[in-house]
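One structure is given below, encoded as structure tokens.
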Amino acid sequence: MTCLSPGPVWAALLLGLALVRPTAEAGTIRGRVDVRLEWPPVRPRPAVTDLGMAGPRSTPDRRRSVVYLEAGPMGAFDDRSRGEAALSQRNEAFFPYVLAVQAGTTVAFPNHDRTYHNVFSFSKARRFDLGRYPRGQSKSVRFDRPGIVRVFCDIHAHMSAFILVFAHPFFATTDAEGRFRIPAVPAGAYTIAVWTDGNVRETRKIEVPAGEAPVDVDFQVR
Amino acid sequence: MALASAGLGTPRHAEPGEPGYRQWGPLSLGGEIAVSIAPEDPAFLNDTGYESSPLRRASLTLSASLAVARPLTLLVEARTDNLESPRLYALYLRLRPWAERSFDAQVGLVPPVFGAFGRRTYGSGNPLIGYPLAYQYLTTLRADAVPASADDLLRARGFGWLVRYPVGNPYAGPGLPLVDGQRWDAGVEVRVGHEPVQVAAAVTQGSLSDPKVRDDNGSKQLSARLQATPTTGLVLGLSVAGGAYTDRSLEAALPPDEARRRRRQRAAGFDVEYSRGHLIVRAEGIWTAFDLPALDAPRIDEPVEARTVSLEGVYRLAPGLDVAGRFDRLGFANVRGSARSDSWDAPVTRIEAGVVYALRRGLFLKAAYQHNWREAGPSGRRGFPAAQVRWRF
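First to last, the protein sequences are chains Y and S.
Quick note: to get our numbering, add 1 to the position in the first sequence (first position is 1).
To convert, note that position 316 of the second sequence is 307 in our numbering; the numbers rise steadily by one, no gaps.
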């Protein structure tokens, strides 16, 4: 499946102020994202100055996808999240590799490694630098502005992660089997998108009917 | 009901994983372009002996690692300065025979075991533009020419960038730094252990002051380093090294008994790094001694000694904005000439302070000011404003 270029996606976001017929009831969107992409193992930057090989490190799960509504009902934006989430540093990798949160969420960055890490981001949505802190300690950042935040470690160039900050609560991160579930979606017509490892892979029009029957949407990412 | 955007855009240049360098299967390729500008240095305080100065240089560095087979990795680094022919700075095989044991062997043109700055001379390892004196400043000693007397040595004080002696190569040439931060030595090194304690040792062709790809004096250098990390963020290092530094061409110019002697450079050093939060502080000290032949009166009977200390600090003011400073002092022991007793080379003090700003990940702008005080030698500008653009990819 080809990735969508940013242009149509931005256009879709700007056109998000469209009218739909509302109902009082809410439905659920559920499904599975079947990621068939293959990634080679991330090797560290050529470290010619080292006196030996670096220690073992973990591999992040890059198949985890985020499924979200490109636009949500206006009322969904009134209540900013005061939630909390965590992005850990473990075995020289960030876990999870992709974290989806609602604007207003505070994300903790606990260090579980014996070495220092220096978590930072230069993303427009949130620019921060947490400095160096040892194992067992954590620092937090509040994300108020929707957008995509690339997270890196200033000490270990191979470490990276994504934080997707949404203006509304209608999103879900896939589990290990690729399954997702977006509950409490007001009935109406929407565009649903699937995002995997840095790109929107597919968008689709869906109708969420009033009633308890969930809407099933499956994606295949190649 | 109205809908509103999720507020989520796709990053225009996000690539999967985006590590900042490239990889194709077992091959990883990275590089760096750095362009530094500064006024001319008529006193040659920043000269490296290769007709280039860290303050006035455009360099392109490419480094690659190739995982040849499970225990073997080939590492290469090539660099061109000022668009001259590229040179290999690293070319070695890294071997980890037992995956579960912290034992590594490296063979070829290998990174230095001695000291700390030698393994972080460029890239993000050097927060400033200039180098510490120990790793760059040219003393008045040469590998292919020696003073016949203490008076010859004292006459050359402060002229290490272009020095001439009556014994050996008759032409003027650059002197040697205490430790060459521009080139690496060829040989074999091993590292045993991991944090909190590790030991590394090397047998190489050249010396700290004059690394070699091929042996030029029939003698090897032995160097070793003990590193401890008692707590996260604190690194303590002790290093020693010893090896002949003069080349074989000098032997023909010496009396037979002196020609047979090995003129060795011996060195010991300590280094400390402590970091926490947005602060990194480093200190490094080196003592070294060079053997010289005792020829004419007043004779140089003892090895000539030099000591240096370097203190460095980096503080991150804001995301992507660092301030850094370094203090350096290079001193030399006295020798007795016919008219006076004085340090065998002119002591130098250097301070450098600067600002680093990250325009984006891997792209940095640096601005710095360096000032030098030297007790003798060619006069001229002592202070240098400098700027650098560095792109790491």
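For glycine and all other residues, C-beta sits at the position ideal for the given N, C-alpha and C.
- The CB of S/Tyr12 comes closer than 8 Å to the CB of Arg46, Pro47, Ala158 in chain Y, given here in chain order.
- The DSSP-derived three-state label of Y/Leu100 is strand.
- In the DSSP assignment, Y/Glu208 falls outside any alpha helix (DSSP H) and lies within the beta strand (DSSP E) extending over 200 to 209.
- Taken in chain order, the unbroken stretches of alpha helix (DSSP H) that lie wholly in the stretch 205 to 289 of chain S and span 4 residues or more are 247 to 251.
- Closest in alpha carbon position to Y/Arg33, among Y/Asp51, Y/Gly179, Y/Val108, is Y/Gly179.
- Interface residue (Cβ-Cβ distance to chain Y less than 8 Å): S/Ser43 is not classified as such.
- Inter-residue distance for S/Pro88 and S/Thr223 is about 28 Å (C-alpha atoms, whole angstroms).
- Chain order gives the chain Y residues near S/Pro310 as Phe121, Phe123, Arg128, Phe129, Asp130, where near means a beta carbon separation below 7 Å.
- Contact annotation: in the stretch 126 to 147 of chain S, no residue has its CB less than 8 Å from a CB in chain Y.
- The C-beta of Y/Pro111 comes no closer than 8 Å to any C-beta of chain S.
- Nearest CB-CB separation between Y/Phe96 and chain S: not below the 8 Å threshold.
- For S/Ala215, the closest of S/Asp206, S/Asn208, S/Thr195 by C-alpha to C-alpha distance is S/Thr195.
- Contact annotation: Y/Ser124 and Y/Ile149 have beta-carbon atoms nearer than 8 Å.
- For Y/Gln90, the uninterrupted beta strand (DSSP E) run begins and ends at 89 to 91, by DSSP.
- In this structure, S/Tyr122 and S/Thr112 form a Cβ contact; the two beta carbons are roughly 7 Å apart against a cut-off of 8 Å.
- Counting along the chain, the unbroken alpha helix (DSSP H) around S/Gln127 starts and ends at 124 to 127.
- For the pair Y/Pro47 and S/Ser370, the Cα-to-Cα distance works out to about 42 Å.
- Contact annotation: in the stretch 56 to 76 of chain S, residues whose CB is within less than 8 Å of a CB in chain Y are Ser56, Ala58, Thr64, Leu66, Val67, Glu68.
- Using a 10 angstroms sphere on the CB of Y/Gln138, the tally of other CB atoms stays under 16, which defines it as exposed.
- Residue environment: Y/Asp176 is assigned as exposed (fewer than 16 neighbouring CB atoms within 10 Å of its CB, all protein chains considered).
- Between the stretch 194 to 212 of chain Y and the stretch 59 to 75 of chain Y there are three or more inter-stretch CB-CB distances shorter than 8 Å, so the stretches are counted as touching.
- The Cβ of Y/Pro170 sits no closer than 8 Å to any Cβ of chain S.
- Close CB contacts of S/Asp287 within its chain, under the 7 Å cut and outside five residues either way in sequence, are with Ala139, Ser140 (chain order).
- Under the 8 Å criterion on CB atoms, Y/Thr175 is classed as non-interfacial with respect to chain S.
- In the structure shown, S/Arg320 falls within a strand segment according to DSSP collapsed to helix, strand and coil.
- According to the DSSP assignment, S/Ala141 belongs to no beta strand (DSSP E) but to the alpha helix (DSSP H) extending over 141 to 146.
- Residue environment for S/Leu74: exposed (fewer than 16 other C-beta atoms within 10 angstroms of its C-beta).
- Going by DSSP, S/Trp382 is part of the beta strand (DSSP E) stretching over 374 to 383.
- Taking C-beta separations shorter than 6 Å and ignoring five residues to either side along the sequence, the partners of S/Thr71 in its chain run Leu51, Pro77, following chain order.
- When the five nearest sequence neighbours on each side are left out, the beta carbons in the same chain lying within less than 6 Å of the beta carbon of Y/Asp130 are those of Phe121, in order along the chain.
- Contact annotation for Y/Phe181 against chain S: no contact, minimum CB-CB distance about 15 Å [criterion: below 7 Å].
- With a cutoff of 8 Å on beta-carbon distance, Y/Gly73 and Y/Ala188 are scored as not near each other.
- In this structure S/Pro289 touches S/Arg327 by the C-beta definition: roughly 6 Å separates them, less than 8 Å.
- Sequence-distant Cβ neighbours of S/Ala367 in its own chain, meaning closer than 7 Å and more than five residues away, are Arg148, Gly149, Ala337.
- For S/Val26 and S/Arg48, the gap between their C-alpha atoms comes out near 6 Å.
- DSSP assignment within the stretch 64 to 128 of chain S yields the following whole beta strand (DSSP E) runs of 3 residues or more, N-terminal first: 78 to 86, 94 to 101.
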